[in-house]
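Only one structure is covered here, and it is reproduced in the block below.
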Amino acid sequence: MYKPSTRINKPLWSLLLSLVVLMPSAHGAQSDFEQEVVIQAKRQASDLKNKIARYLDDVKITQGSLTITADVVQVVNDPKTQNKSYQAKGEPTRFSQRLDDGKLIEIEAEEITYTPSTNTLVIKGNAKVSQEGSMVQGDIITYNMVTEQLTAESLDDTVTTILQPEKKDEPQKSGSEQQPEDEQQQPEQNEEQQQNTESGEEQ
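If you're matching positions, the sequence shown starts at 66 in the working numbering and goes up one per residue.
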């Protein structure tokens, strides 16, 4: 019996994600990328010759509102470009950033590699990207924090996406339904005046 396929080829899926997932949204706070990167950890080990530093136990990276928490972080300095990359691993590793519009984007995975020079994240192993209830889940996700382009792929060609419906404003009541209080009270006042008039005539 024929079973309809629910799979989408990776290039098309990547294009769809870059257009609709987590949209509309704002760019990552631009001021974050102008801030210094601060690393906190309980232990540190460095390989000065190869320009590699390792931070161990309760590692926290901050850059403005950008935050990464992990068990281990390895900082590698590219000898050609002198650009640094931060490879964070944990169970899980977490990333969060407050966007320009105040919304929070959150990422969770076994491994997150952050490259400040390109403002990109490569997320591997049970990767999840979420924002206000909407979520993308796959084995490997690449996210550019400036262009907002996101691509996701999975080893079994199946990527999970959950999109929350947009909140709609409640419709305003029509003018006939919204009667001013003075109009609602007017019949009561007329009735009271009529009663006073009748009482005066009887006297």
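Where a beta carbon is used, it is the ideal one built from N, C-alpha and C, also for glycine. Quantities reported herein were computed from a predicted structural model and do not represent experimental measurements.
Using 10 angstroms around the beta-carbon of residue i, count the other beta-carbons present and answer buried if the total reaches 16, otherwise exposed.
i	result
V86	Only weak support is given to the placement of V86: the predicted model assigns it a pLDDT of 47, under 50, and the question is left unresolved by the model.
P89	Only weak support is given to the placement of P89: the predicted model assigns it a pLDDT of 45, under 50, and the value that follows is read from those uncertain coordinates. With fewer than 16 other Cβ atoms within 10 Å, it is exposed.
E173	buried
V319	As displayed, the chain neither begins before 66 nor continues past 268, which places residue 319 out of reach and without an answer.
T178	buried
Q25	Summary: the structure shown does not reach residue 25, with the chain confined to residues 66 through 268, and so no result is reported for it.
G198	exposed
D122	exposed
D166	exposed
Between which two residues does the beta strand (DSSP E) carrying residue i extend?
i	result
L228	Here L228 belongs to no beta strand (DSSP E), and DSSP marks it neither H nor E.
A192	185 to 196
S182	No beta strand (DSSP E) holds S182; DSSP gives it neither H nor E.
Q109	108 to 112
P157	149 to 163
When you compare each of the options to residue i by their alpha carbons, which one comes out closest?
i	options	result
P157	A110, I117, E176	E176
V201	D165, L228, A110, A153	L228
A135	R119, T146, T183	R119
T347	Q95, T180, D166	No statement about residue 347 is possible, as the shown extent of the chain runs from 66 to 268 and does not include it.
T127	K168, Y151, Q196	Y151
T212	G129, T183, T132	T183
V138	G167, K149, P144	K149
K189	A110, P144, G155, S199	G155
S111	V141, D123, L215	V141
Q95	M210, T225, P230	M210
V224	D204, P230, Q214	D204
F160	D143, L113, A217, K193	K193
Run through the DSSP bridge pairs and tell me what residue i is partnered with.
i	result
G203	A192
L121	R108, V137
N209	T185
T132	T127, S161
N142	K149
E171	S161, S195
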